[in-house]
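Undergrad: What follows is a structure written as structure tokens; I'll ask about it next.
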Amino acid sequence: MKFKIGDKVKFLNEAGGGFVSKIDGPSLVYVSISEGFDIPISASELIKVEPENISAKFFDEDFGKKETLSAQEIEELENDNKISRFVKKQSAELKEGMSLAFVPQDQIRTMFGLVDVVLLNHSPFDVLFAFFRKSEEKYLGQEYDAIPPYSSFLLDSIHRDDLTIWLEGNFQALFFGASMEKLISPINEFFKIKGSKLYQENTFKTLDLLNKKAFVQPLSDLKYQTLISKTEETANLQSVQLGKDIEKALGIRKSLIDQHKIGLLEAEIDLHISALEPDYKQLKNHEIIQMQLNYFEKTLEDAMIHQYQKLIYIHGIGNGTLKNELRKILKTYPDIQVKEAPFQLYGYGALEVRINYR
83 MKFKIGDKVK
93 FLNEAGGGFV
103 SKIDGPSLVY
113 VSISEGFDIP
123 ISASELIKVE
133 PENISAKFFD
143 EDFGKKETLS
153 AQEIEELEND
163 NKISRFVKKQ
173 SAELKEGMSL
183 AFVPQDQIRT
193 MFGLVDVVLL
203 NHSPFDVLFA
213 FFRKSEEKYL
223 GQEYDAIPPY
233 SSFLLDSIHR
243 DDLTIWLEGN
253 FQALFFGASM
263 EKLISPINEF
273 FKIKGSKLYQ
283 ENTFKTLDLL
293 NKKAFVQPLS
303 DLKYQTLISK
313 TEETANLQSV
323 QLGKDIEKAL
333 GIRKSLIDQH
343 KIGLLEAEID
353 LHISALEPDY
363 KQLKNHEIIQ
373 MQLNYFEKTL
383 EDAMIHQYQK
393 LIYIHGIGNG
403 TLKNELRKIL
413 KTYPDIQVKE
423 APFQLYGYGA
433 LEVRINYR
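Every number in this note's numbering is 82 more than the matching position in the sequence shown, counting from 1.
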């Protein structure tokens, strides 16, 4: 039997009942009882009680609450269940801003069971948002609401067969504060996720803000949002300053790809292990290659988020293992072109990556 927030229910195997206050997957329901507690119970051990049907004649009782919950009470319960505060405010893994996360409900077997689709507000602002999924040539409105600072918002809990309908869409948002010296421009971000990533177990990594394994798709970097001003001249000046202001106020570090910037939308990344890990002599060969590939993928994804067009990856000569692995990964990106970097600058030890944006 399916339940929804606010349903009046009775326990099948013991006396009493209450009102559904939270639904955690298809089999676990939280029931608010007259003593003021919310207790978890299997959905199979509950029966829904409605005064109009036959079951009510046998099971209906006064559970210490009014017969039905008001629409406002149901809405408040639903919102409470959707919004969760982060375990911690500062993250070593996630930029200040907005992100979309896919969180397996089964944290041990991440390839099985339902997946929670969650918006992450990693900022000190309230965020008013609208979220759209792309379906063929249309955008379907999935949700609109508000997220408190440093909180997550549950968009939906889905079966794995439905992951494909969440791979592409649009996110729009406004930042709100009770008192703001400068207004931050709205977000209007189109996103597209590579589907194969959601079907690889090593994609789901523990996110410190949630203390859960998740795949995270960044939607905005707060320090790159421009400011809104009354005059164009002031706006231009403030836009330049915004990144510095946000970075100073919130302790945001320079983005990963910006640390390697060598020109306008160009970066050079040295993948020599000595450049990535000073204390590398204790590492085994497979640990070294894995560290290099991890850093490669992180910088590549960050470059795409920030619309970089040209990347130079210095892999060195060695036995060619790293270079071959890089090419294998790059082949999975249809909008990326790869060639040997200029010989006069890098010899045979680097690849040049060009990213095309549609």
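By construction, the Cβ of each residue, glycine as well, lies at the ideal position given by its N, Cα and C atoms. Computed from a predicted model, the values in this text were never measured in an experiment.
Considering only residues of the same chain and omitting the five flanking positions on each side of residue 170, which have a CB-CB separation below 7 Å?
TA: 290 and 291
Undergrad: Cα-Cα, which of 128, 276 and 264 is closest to residue 89?
TA: 128
Undergrad: Quick one: which unbroken beta strand (DSSP E) runs of 3-plus residues sit fully inside the region 186 to 252? Chain order, please.
TA: If only uninterrupted beta strand (DSSP E) runs of at least 3 residues are considered, those enclosed by the region 186 to 252 are 197 to 204, 208 to 217, 220 to 229 and 233 to 240.
Undergrad: Ignore the nearest five residues each way along the sequence and tell me which others in residue 268's own chain have a CB closer than 7 Å to its CB.
TA: 254, 255 and 256
Undergrad: What residues match up with residue 169 in a beta bridge as DSSP calls it?
TA: Paired residue(s): none; residue 169 is not in a bridge.
Undergrad: With a 10 Å radius around its C-beta and 16 neighbouring C-beta atoms as the bar for buried, classify residue 139 as buried or exposed.
TA: For residue 139, the pLDDT reaches just 44, beneath the cut-off of 50, and the residue's location in the model is therefore unreliable, leaving the point undetermined.
Undergrad: Name the DSSP beta bridge partners of residue 103, please?
TA: None; residue 103 has no bridge partner.
Undergrad: Below 8 Å on the Cβ atoms is my guess for residue 185 versus residue 296; work out the distance and round it to an integer in Å.
TA: 4 Å
Undergrad: Under 8 Å Cβ to Cβ from residue 135, same chain only, skipping five residues before and after it: list those, please.
TA: Legend: pLDDT at residue 135 = 46, less than 50; position of this residue unreliable, value from coordinates given subsequently. Counting only Cβ-Cβ distances below 8 Å, and skipping sequence neighbours, we find nothing.
Undergrad: Please classify residue 213 as buried or exposed, where buried requires at least 16 other C-beta atoms within 10 Å of its C-beta.
TA: buried
Undergrad: Using 8 Å as the threshold, is the region 394 to 411 in touch with the region 429 to 437, meaning 3 or more CB pairs across them?
TA: yes
Undergrad: At the level of alpha carbons, what is the spacing between residue 272 and residue 103?
TA: 34 Å
Undergrad: Spell out the partners DSSP gives residue 112 in its beta bridges.
TA: 104 and 122
Undergrad: From the DSSP output, in three-state form, read off residue 421 for me.
TA: Under the three-state reduction of DSSP output, residue 421 falls in the strand class.
Undergrad: Which residues mark the beginning and the end of the alpha helix (DSSP H) in which residue 357 is found?
TA: 355 to 358
Undergrad: Going straight from the alpha carbon of residue 360 to that of residue 298, what length do you get?
TA: 28 Å
Undergrad: I need the boundaries of the alpha helix (DSSP H) containing residue 404, first residue and last residue.
TA: 403 to 412
Undergrad: Run the CB neighbour count on residue 180, radius 10 Å, all protein chains shown included, and call it buried at 16 or more, exposed below.
TA: buried
Undergrad: Among 217, 200 and 388, which has the Cα closest to the Cα of residue 211?
TA: 200
Undergrad: How far does the alpha helix (DSSP H) with residue 369 in it reach, from first residue to last?
TA: 367 to 387
Undergrad: Can you tell me whether residue 417 is buried or exposed, with buried defined as 16 or more other CB within 10 angstroms of its CB?
TA: exposed
Undergrad: Between residue 112 and the rest of its own chain, which residues show a CB-CB distance below 6 Å, the 5 nearest in sequence each way excluded?
TA: 103, 104, 120 and 122
Undergrad: Quick check: the region 183 to 198 against the region 232 to 251, are there 3 or more CB pairs under 8 Å?
TA: yes
Undergrad: Compare the beta carbon distance of residue 204 and residue 236 with 9 Å and say whether it is the shorter of the two.
TA: no
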